[in-house]
Structure formats: C-alpha cells, structure tokens
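**Student:** Protein chains in written order, with our numbering: chain P, 1 to 662; chain D, 1001 to 1662.
2 protein chains.
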Amino acid sequence: MSQAKWIWNDGDFETYHYMLLSCRRQEFECDYPCLWPLSRPSVSASFKKHVEIPKDTVIHAVTHSSKGLLLFNDMKCPMNRDVPIAAGSYEVVAVLYDLTAFPTFFLDHEYLKTDESWLADARDGRYRPAGCRAEYASAGDDPAVFPFVYETVEPVEKSERNGGILYDFGREWFGPVSVEKAEEGEEILLCYGESEQEALDTEHALLRETLAGDFPCLRPSRAFRWIFVKSNRGRAVSITASYEFLPIEDKARFSCDDPQIETIWQLCSHTFHLNSREFYLDGIKRDRWVWSGDAYQSFMVNRYLYFEPDIIRRTITALLGKPPYHLHVNTINDYSAFLILSVWEYYFATGDKAFVARIWEKIKALYDFIVSRLENGYVVRRENDWIFIDWGDVDKEGTLCAEQILLWRVYQVMANLSVLMGENDLYSEKAEALRRAVYRDFWDDGRSAFIDCPDTGRRHLSRQSNILAILYDFTDEATARRIEQAVLKNEEITPISTPYFKLYELMAFCKLGNIEEMQRYITGYWGGMVRLGATSVWEQYDPADQGDAHFAMYGMKYGKSLCHAWGSGPIYLLGRYCCGVYPTDVGYQTFTVAPAPGLYQSFSAAVPIRNGVVELEYAAGRLTVKTNAEGGTLCFGGKTLALPKGEAVTVTKDGNAGGAIS
Amino acid sequence: MSQAKWIWNDGDFETYHYMLLSCRRQEFECDYPCLWPLSRPSVSASFKKHVEIPKDTVIHAVTHSSKGLLLFNDMKCPMNRDVPIAAGSYEVVAVLYDLTAFPTFFLDHEYLKTDESWLADARDGRYRPAGCRAEYASAGDDPAVFPFVYETVEPVEKSERNGGILYDFGREWFGPVSVEKAEEGEEILLCYGESEQEALDTEHALLRETLAGDFPCLRPSRAFRWIFVKSNRGRAVSITASYEFLPIEDKARFSCDDPQIETIWQLCSHTFHLNSREFYLDGIKRDRWVWSGDAYQSFMVNRYLYFEPDIIRRTITALLGKPPYHLHVNTINDYSAFLILSVWEYYFATGDKAFVARIWEKIKALYDFIVSRLENGYVVRRENDWIFIDWGDVDKEGTLCAEQILLWRVYQVMANLSVLMGENDLYSEKAEALRRAVYRDFWDDGRSAFIDCPDTGRRHLSRQSNILAILYDFTDEATARRIEQAVLKNEEITPISTPYFKLYELMAFCKLGNIEEMQRYITGYWGGMVRLGATSVWEQYDPADQGDAHFAMYGMKYGKSLCHAWGSGPIYLLGRYCCGVYPTDVGYQTFTVAPAPGLYQSFSAAVPIRNGVVELEYAAGRLTVKTNAEGGTLCFGGKTLALPKGEAVTVTKDGNAGGAIS
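This is how it looks when you write it as structure tokens:
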C-alpha cells in the first residue's frame, strides 16, 4: 500500500495558496489587494473509496480546521476520534467543510489510507481523483501551510548607520525576519532594501514597518539584501533572517571560455529560485503576484533549469481560477492567450494528458471568453481590457497585430488540445481564416513587415508583432528572413527595453541561426547588471541610467524590482540554442541535440529533459554528448546521429563523428 | 446626506451567511456538511465614488477583518487610521480583501459616507451599487455577525429527572444556551428536545453534547422546548436560554367563530417566525438548511403574514449561489424550477425590478442548466438529480408529469422576466410546444387525469401532478373540474401526507371554489397537532400514529422536525382564499379583495399587501373592508366595488353594499 497523504478536492490546494499569495502585497505600510478577482477553495467536499476491512479494528481520521464526518456504509463516525469498525466491506465516504482553509483530512490505517486512489468532489457530484502531495504525509502536517524550507542567512556585514544598524546579507534573499525581545514600550523600525540606498531611505523604501508591542516576533517573508534596523531607544537591535524556499535542485549547468557567462548563469538561477515559490512570481519585492505572460517564460526556464512539472501545474491551475470569466487573466488580453499556450507547451514537454483533462473545461471556458470579445474576428481592446504585449514603443491604440498572432496560435493550440481530448477540432479553420485576414490587413509588403495597427493610420512598425510572427511560425522562413532584415536588424526600429520581450527577440534571432547576437547580448546586457553589483536580475535595465536612477520605476524611487523572474531567460537561451536541446515529440519521446557554440570556443553544460539529462562538452571544435534517456538525435557539424542511451558520442565541428565512448 | 452604513460587494453578505448557516448542522455529535456545493463570498472588492471635499479635513475609514487601502485620486491611504485629505475633487476608490469573512468597510464623515450610492465590484470590473443594510450603521458594527435580537426565555418548569434537571421552556424556541461556571474537571451533559421524550433520551436525542473545560460557556443556537442538564458531579447545573430572532412584526391576524382557528393561526405564526432567519429554514432542529421548494411556500406565507421582501431577496440570492451550476438547486430538479418561479412571484408582489436585474444573469444560467439536461424536451432524472415533488405515492421511475408542468411554468416565467429585462422572449413558443407534448403523452382522457409517467407502463395517477396542472393554469377550467372529480375528490387516489403538498392541494380546492375543504382540513389536520400539545407545526403528521411514533422520521427515533416552516400554510390559505386578498397587477398597484367565509359564521382579519394592509370584519352575513392603499377592488356577494383608500366599505352577503363608513 502507498504512503498515506492528506487529501483534498483537486485544485483546492492551489486555489487556497494562490488566494493567500495574492493578498500579501504591502507598500508603504498599506495592504494592496491584487488587481483581478480571486477564487476561493471549495467550502465543502466529499471523498469516497471502497474498502475491505478484514477484521474488527479502530480507525482514527484527522482534520485540523475542517469539520465533518466519515460514513462507513451510512454509519456516521466523527473525525479526530477513535472509531471501532467491524470487519466487512464498506463504501467509505468522508464529508467535510472548512470555513477558514479548505476541506482536507488524513487517515493512516493498515486497511485504509488516504491517498490519490480516493475520489473527491466539491459536493457537486463531479468526482475526480483526490488532490494530495508527498509533503503532507503525517497527521501533524497541515496542507494550509505551504511546505517551504528555511535556512538561516548570516549577514556578511553589520554597520552602524543613521542611529541604527544596517545588515548586509551579501546577496538577494527572500524570507522572514525575527526580531529579538525588546524593552517595554520600545518601537523598532525595520526597513528592507534590495539596494543599500533603499534600506537606508526610510521615507521612500517600499517595505518598512514600525513594530511595537509583542516581541520577539517573526515578520512576514519579504525580499531583502539589506535590512536597516533602528530602535527608538537607540539600542542595537538584533535580528535573524531566514531564506524561505523550495528545495528544487538544478539539473542544468553552463560554463564556457568566457567566465562571466557562468556568473550570469548563476545570477539567473538564483533569481529564478527566489521566484519559484507556491507559483511563479514576477518578482519577489513588489507585487509578488502571478502573471501569466511572465509565468509563460518561467515555464520555459523551468524546463531548461530543473524540469519540475509540479510548479507549472500549480501555476496554471492558480491562474485559471474558476469560471465564469469576466476579465482576462491578470486583466491582460495577451496573458489569457499565453495561459492557453502554456498548457500545450506543458503537455508537449511532459506528456501529462491527465493534467490537461483536469483543466480542459476551464481552458474551454477561457477560450470562449476570449472569443466572446472578438470584433470582426480580431482581438480588440474592450472595457477593462489591458493590451500589454510589452512596455515600449508599440502602437496599442487600434487593433494590434501581436494580439492577432497570439489568437492565431491559441486557435492552433485549441485544435491540438481538442484532438488530444478526443473532441472535434473546431479551431483549425479559424486559424487559417485569421492568418489570411492578418496578411490582408497587417502585412506591408513594401516594408517587409507587419504593421502594428491598420486602423490608427500610423502604420507603425514595432519589433514585438514581428518577433511573434517569426517565433510561432506565423510566417514561412523566407518571410521571416525578410522581417529579420527589415525589422530585427533595423536600428531605426525602437529597441526592446525589457528582458521580457528581449527573450523573444533573442529567440527569434537564434531561430534564424544567429546565436551570436544572443551571446553578445547576454554578455552586454546581463553582464552590465553584474558589473553594477547585481546579485539577481532586474525587472528592467537601461545601461544609460546612472546611479539611483537604476532603482526607480512606476514613479517610485525604488519601484523597480531587482529580482525579476523574467530576467532568467539566458538559462533558456543557452540550453535551447547554444546546447540545442529540444523535444521533437510529446514528452521528449524523441528529442534533438543540435548545439551551436557560436562565439564560445568551449563550453560545458547539462540540460535537463523529461526523465533525464543531456551532458555536453565542447572544446577545440570537438563536441561530446551523453544522455541517460532514449530517443535522442545529435545534429552537429552537418551530421545527424542517434544518441544511444548512456553512451557518450563525440563529433567534430567539421562533421567527423568521433564514435561512441563507453 | 443619508446615514453611513457598512458597504460590501452586493451578494457577499448573503453568500457569507448562507455558507455559515449551511455548515451548522450537527447530529449525534457529528458535524454534518450540507448536501450541495456552497459558494464563498468575494475575496477582494473595490468600491468607488466621486466626492467634493470643500475644505481640508481628516478621514478615518474602518474595517475589521478586511485589509486594504483607500485611494484619493491615487493617493494611498491606509484603513483604520486618521488620514489628512486636502480640499479638492476626488475619485475615491477603496480596495479591500478579506480572508475570513468578506470585504467591507465603513466611513462616516461629514463629506463622505459609505452607503448604497457607492459602486462596488469583486475586482472583475462589473460595478453595481454596493450592498449595505440599515442594521450596520456604526463603526462598531460587524456585517459578519448577523443582526439577530436576543431575549431571555424563562423556563415554565424545572424538575429533577434521571439525576439531572429537565427544563421546560413552555413552547418551541431557538437560541443559544449559556451554562454557568462549573467545578474544576466537571462534565456537563446538555440534551435538547423538541419533545420531553427526546430531551430525556440521551441516547437517541439528535442534539446532545457533553461539555468539559471552559465554563461559563455559550452554546451555539439550537431548537428546543425541553433541555435536560446533568453534571457528572450530581450537582444541579443552572442554564440560561435565549430566543434568537429577527424582530419582524406580523401585519396579519385572523380569528373567527371557531376559536381553535386562532390558536392554529398563532401556532403557524410562531413556527414561521422561528424559521424566518438569515434565510428561510425548512425546520429549526435538524438540517436547518435552506430548501428552495420549502422556501417557495415560505415566500407565500411571508406575503400573507408580514410582507417583508428582504428575507425573500436574501433567500433567493443565497439559493442562486454562483454559476456555473453543475447540480440542481438543493440537488432537486423541481427545486430549481421553484427558484425561478419564486423570482417572478417576488417581482409580481413587489414590483422590485432592480432585484431581478441584479440576479438576472444567474437566473439565465440556472435556466440554461435546466435546459441542458432535458431529453426530448422533457425533464428526466440524470446523474445526481433528485426528482422530489413530494414524499408519497408518485411514480418517479420515469419521465414525471409534475416536472414537465413546472418546466412549462419556468418557460412562462422566463418569458415574463425576459420581457421585463428588455430582452427577446425565447421561451413562450417552448412553453406552448411543451404543453402540446404533455397533453399528447401524459393526458389520459378516459380517466380525466394526467398520469405520472408514460414510460414506466404503470400509468399511475397521483394527486401531485394533477394539482400542479390546476394551480398553474396548465389546464383550462373545464379540464380542471374534471380533474377535481377524477383525482382530488377520488378517495382511491393516495392522499397527500405532507403539509408541503397539502398546501398545494388545498389551494387547488380553493381555486375551484371549495374553500370549505380547506377550512375542514385546517381544523382536522392542524388542529390535530394542537390537540397533541404541539407548540409549533410539524414536518409531517399522521393522525393514525400513536405516542412516540409521532416523533420518528428518516429512520431516527426523534428524526421528525416538530417546527417546520412548510406547516405554516394556513396563514396563506386563510389570507388568500378566506379573506380573498391578492394582487391583480405588479406590486399590488391593483388588487382584489374577494372574501369567502365558507364555514365561518364570522371572522376578523388583517391581510398585508405591499405598502399597506386590508382589514376585514365579517359577521352575520355582513362584511366590512378597509384598506390604507389605493387600487383595491372588493368582490363579495355578487358585487364588485372599488375600495377607496382609508374608507371602510360594507357589503352584505346577498350583494347589498352597505356604503362607505368614514
């Protein structure tokens, strides 16, 4: 028999923790609820399973905040008590409600254990396998508490400043701070900084608080590198900081002959782990909300850093929430599209059809919502819509090309998913009709580019719309190459200013074979932050900024997030394009390894795949690849070779296979 | 300026209190969650209003469990603190979340008060007037606490029994019991009884509890007439019981030459008040849930007892919950139909179009759910459906006639409501098609009756299907009279056994002019309970039962509810048919008073109408009617007279108008 685990109605765990997470933003001592509606978990749930009890026994089911009863063939048994059960054959039903968290219980008995073999519903008759997690496997566990791990972080420096003490923890962290016992009536100021300037600027720092009353105390988890502590008694107050995290191990690594690349890669990895929490955060300091477009990129980095499907499932489940939908995901039209795209990409990487089945009804509801708001078949801005695409020079006043390309891709993904779910493909024809319309209305053949909007009269060209056209194969290759010249390599087109869309641009370059552009950019842009002392990747970075201007954003002196998940793109870029690892069939049943060293004379890397890893060593034109998975094909130096599981294969740049090495 | 009131997103108050109420059932010391899914209130909400602040001032907004901030033209202001505001013109937005109850706040300032003039949403952009209630009008109030009123109930007798004390509170009550300070380690048993037998039967009583630890203590509100209290120390323990209620005053009264009728009427009124709570309960002892079909009858009694629209709105709002719907209301097909019927009857009695507009989207979602489960246009039992109609001899195995008649009425009501909401009538044609089909498949012309099911082969006749056909004018009058003879007056057809459907049967008799049948039944059936010492009306009553058998139901020795709302029908029957008061246009803009004394030689009554009351005195063939409302028409003794507002009109049984008396 399997290990007993706490069980709940599938989805409640994610819904509950997403609700909590979305309500934690604080700024300038105000609570700041998130911008979009949140769902709550089920009030009540039933659980059922058939069991044979071979001899008389006593069972004891455990709940914490849930209340309810167990029915053994209609015999009512209270929770949290020993209940005698006679030998026999039973339909066991548990019915629980929970007014503060979500209904969940635990039963660990020789003859009957709670686990995923139970069925659960929200009292709506729609039974599905119960939700559970390996972390909640004993009676004392509580699924309402997220299973983070804590490690004390030691300061690298403590210095007296402005009548208080400035703690420097050496690099960016996220976690709770505990404050020691204080004197009667003492007031203690805590001021958190991602920069030293912010920690010392008690007026403009986003996260500051004055504590009075109950000491010692543990403060909510927050982002910090520096913390300034000051008592109204002039006393030196001692604090202890912890790092709160999920113990996910990297499966990837990357280093090359340019040593700063490994530094950048580690910066990206640290940034990414700090944002890999209940769900993928955008950044750890400011809103700490979950944004679908940001998460879409995090899913990409996930697969190339640690390949951990569960956090992707959690994030998709949280973002889908519960229909009916009255607003786009995160209020953003493009983010609804990215969420649907995420589902297909998740499935293609993992082969996890069961997850798609669990959320399929919600995906269709979200799709229906998207379609219900089209005008003449196009995505337009309706009331409460936010056409985001990117911060930057995009003409969003009219019907925007980038949104239509995402819609076209949504149609394709819905076609794929509907076939997977055994339903009719109602989407492919719509995709084709939309493609024709977009070429008719947005393509400017004279300028070899898609214009942003046909209806504002400006015929503005942006990189963003054209990048998406290349990335999603909305164009054929010849057209893509025309766009590359006319837009991507055209310095008159406003450059991308966010790491977010810069990732897409660099992907487009790589897709067209220009990985050197990607490599140069990593060294210049990400390396620029490293040279400024960054210990995590920033939300935005303009090399032209000076001093504290680097910290400002959204009209706030320290408004910029200095640890933003979307800055972790180099992990994806190097794994996907420099190492050249990608699946060619669902769940990496087959996959390709097509390395492109580009500017690097040598590199050493590991890239995770589903249920395995690909190890690469390249130096002096000689590449060695080894994988512990079946289905791989190596493409290098003009040669294509099968990659035998567990055997290293060496190929030279000029195409000579070096043969398998045991 | 109006009175400041706590405000919330419309519907949250009902959703929250409905959730709490539905999770209070306890039996034999088990918590017993309700059978259907429950909704939770909004996690977060925004509130907005434009305000002119004529001079610099300080505002202070109050919340309890909610957190968030106020924005004055984007200036962030914390809650629960004094905030200086400069003179000026402001868009004020409050954004709140609440993890334990629902987002709500209070602001009472000379220049800015929270009230229904604010708009609110659940962060979904769908702003509507904020919800509020007159009971929550000061900073110390808390909308998470329902505004019940409490009065101490004195026992009429305390007697030593079985080593403890039996308290007799004289009649049925509902409320909390407080237990005095106990000795260290003392355990106190409380056993609640609607009957003396139940209170003393500590093994089989549904509500018993053993208290240990914290004393004095206040127990959750429960139903009782008797309470048995016993200490393990053999000590005489003192308890104090309270009546928890809503202070709704009766506007109706009824007495006649048969004195037991007033006793029955008072019994019905007391029963009804005990069940008039956050929402209409079915009964106060056992499940204490809200059942749509039961509530439908309570709405009828409401209008003829105290005409209080708010509890009807609350109950409809609670029962509608939040789409999408995956189960019928209370899991019962007919109860979904009754909920839709309730909305039209509420509107017709009150003219409250604004309420219909607030719930219209949900009504359509419920209608869509009903229609999505039809088979060949008929209501059938699908998975998780409960075809209830009535406890009794109804052939529910196949496609049931009574369900189709309710569906037909749903189409009619949807037609009325859609026209009211300015939408196209997509329903009337469906109603007509369904009527033709039902006559084709269910009408047995030889037996002058609708059969229950055409597809079970039994061709069973029940009263229930035929009663609904008469009540909702599914038949013409001539057909109704054939059914009356063939079914209603046919002793071979199994009689109705519940007060629930008995109400419909008596209404059908009255509709066909036979009010004597109704009067005889009240005296016999309801009078029978009175003669057995009932102080409230029972869920079911069989005169043939003996002794404790009266208390048993659902396989439990004391399973029967002895205070069941659906027993209050005589209030409706006497007001509607004996006094003959009913609206003939929306909101009683016009109404008829057509008394039918029947068996009574004299009666004195008052019947509420919207914004008024009709007073009736009848004796010795002489009727005097007076109303404080306009629009009335008196029909009596073959005459039809306008009822002038505020003037008594007297008519004799033979049709002579006695003339207006000032």
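C-beta: ideal position from N, C-alpha, C; glycine also.
Counting only runs of 4+ residues fully inside the segment 375 to 423 of chain P, write out the alpha helix (DSSP H) ranges in chain order.
**Tutor:** Segments of the alpha helix (DSSP H) lying fully in the segment 375 to 423 of chain P: 401 to 420.
**Student:** Please list, in chain order, the chain D residues whose beta carbon lies closer than 7 Å to that of residue 29 of chain P.
**Tutor:** 1078
**Student:** Excluding five sequence neighbours on each side, which residues of the same chain lie with their C-beta closer than 8 Å to the C-beta of residue 1366 of chain D?
**Tutor:** 1320, 1323, 1325, 1329, 1336, 1339, 1340
**Student:** Out of P:159, P:592, P:194, state which residue places its alpha-carbon closest to the alpha-carbon of residue 171 of chain P.
**Tutor:** P:194
**Student:** Of the residues P:386, P:355, P:438, which one's Cα is nearest the Cα of residue 664 of chain P?
**Tutor:** With chain P covering only 1 through 662, there is no way to say anything about residue 664 of chain P.
**Student:** State the DSSP-derived secondary structure class of residue 661 of chain P, mapped to helix, strand or coil.
**Tutor:** Unreliable placement is indicated for residue 661 of chain P, whose pLDDT of 43 sits below 50; the coordinate value is still reported in the next sentence. Here residue 661 of chain P sits in strand by DSSP.
**Student:** Hey, does residue 1021 of chain D have any beta-carbon neighbour from chain P nearer than 9 Å?
**Tutor:** no
**Student:** Name, in chain order, the residues that DSSP records as bridge partners for residue 168 of chain P.
**Tutor:** P:157, P:226
**Student:** Label residue 315 of chain P either buried or exposed according to how many other C-beta atoms from any shown protein chain fall within 10 Å of its C-beta, with 16 as the threshold for buried.
**Tutor:** buried
**Student:** On the DSSP bridge list, what partners appear for residue 1077 of chain D?
**Tutor:** D:1070
**Student:** For residue 132 of chain P, which residues from the same chain have a beta carbon less than 8 Å from its beta carbon, with the 5 sequence-adjacent residues on both sides left out?
**Tutor:** 5, 6, 7, 8, 114, 115, 116
**Student:** Would you give the residue range spanned by the alpha helix (DSSP H) that residue 1616 of chain D belongs to?
**Tutor:** Here residue 1616 of chain D belongs to no alpha helix (DSSP H); instead the beta strand (DSSP E) covers 1612 to 1619.
**Student:** From the beta carbon of residue 221 of chain P, is the nearest beta carbon of chain D less than 9 Å away?
**Tutor:** no
**Student:** Taking the Cβ atom as the reference point for each residue, do residue 1285 of chain D and residue 1223 of chain D lie within a distance shorter than 9 Å?
**Tutor:** yes
**Student:** Residues in its own chain within less than 7 Å of residue 233 of chain P by CB, not counting five upstream and five downstream?
**Tutor:** Non-local C-beta neighbours of residue 233 of chain P in its own chain, meaning closer than 7 Å and more than five positions away in sequence, comprise 183, 186, ordered along the chain.
**Student:** If you run the structure through DSSP and keep just helix, strand and coil, what is residue 563 of chain P?
**Tutor:** coil
**Student:** To the nearest angstrom, how far is it from the Cα of residue 660 of chain P to the Cα of residue 594 of chain P?
**Tutor:** Unreliable positioning characterises residue 660 of chain P in this predicted model, as indicated by a pLDDT of 47, which lies under 50. A coordinate reading is not provided.
**Student:** Starting from residue 369 of chain P, trace the alpha helix (DSSP H) in both directions and tell me its first and last residue.
**Tutor:** 353 to 372
**Student:** Indicate the three-state DSSP secondary structure (helix, strand or coil) for residue 1633 of chain D in the structure shown.
**Tutor:** strand
**Student:** Using CA atoms only, rank isn't needed, just tell me which of P:10, P:311, P:289, P:501 is closest to residue 129 of chain P.
**Tutor:** P:10
**Student:** Find the residues of chain D that neighbour residue 326 of chain P, judging by a C-beta separation of less than 8 Å, and give them in chain order.
**Tutor:** 1124, 1125, 1126
**Student:** So which residues of chain P does residue 1036 of chain D contact, with C-beta pairs closer than 7 Å?
**Tutor:** 123
**Student:** Is it buried or exposed, residue 104 of chain P, if we count other Cβ atoms within 10 angstroms and call 16 or more buried?
**Tutor:** buried
**Student:** Could you tell me the distance, in whole angstroms, from the CA atom of residue 1013 of chain D to the CA atom of residue 1021 of chain D?
**Tutor:** Taking the straight line from one Cα to the other gives about 12 Å.
**Student:** Is DSSP giving residue 624 of chain P helix, strand or coil here?
**Tutor:** Strand.
**Student:** Please report how far the alpha carbon of residue 1047 of chain D lies from the alpha carbon of residue 1118 of chain D, in whole angstroms.
**Tutor:** 6 Å
**Student:** Can you give the Cα-Cα distance for residue 1245 of chain D and residue 1215 of chain D, rounded to whole angstroms?
**Tutor:** Taking the straight line from one Cα to the other gives about 25 Å.
**Student:** Return the chain-ordered list of same chain residues with a C-beta closer than 6 Å to the C-beta of residue 2 of chain P, the five sequence neighbours on each side being excluded.
**Tutor:** 115
**Student:** Residue 102 of chain P: buried (16+ other C-beta within 10 angstroms of its C-beta) or exposed?
**Tutor:** buried
**Student:** Run through chain D and tell me which residues come within less than 9 Å of residue 384 of chain P, C-beta to C-beta.
**Tutor:** 1124, 1125, 1126
**Student:** Of all the options D:1629, D:1060, D:1588, D:1291, which has the alpha carbon lying nearest to the alpha carbon of residue 1085 of chain D?
**Tutor:** D:1060
**Student:** List the endpoints of the continuous alpha helix (DSSP H) containing residue 502 of chain P.
**Tutor:** 499 to 511
**Student:** Is it a yes or a no for the segment 1242 to 1260 of chain D touching the segment 1200 to 1211 of chain D, going by three-plus beta-carbon pairs under 8 Å?
**Tutor:** no
**Student:** Looking at the structure shown, is residue 589 of chain P part of a helix, part of a strand, or coil, going by DSSP?
**Tutor:** coil
**Student:** Between the segment 1506 to 1519 of chain D and the segment 1534 to 1548 of chain D, are three or more C-beta pairs nearer than 8 Å?
**Tutor:** no
**Student:** I'd like the span of the beta strand (DSSP E) that includes residue 339 of chain P, first residue to last.
**Tutor:** Here residue 339 of chain P belongs to no beta strand (DSSP E); instead the alpha helix (DSSP H) covers 333 to 350.
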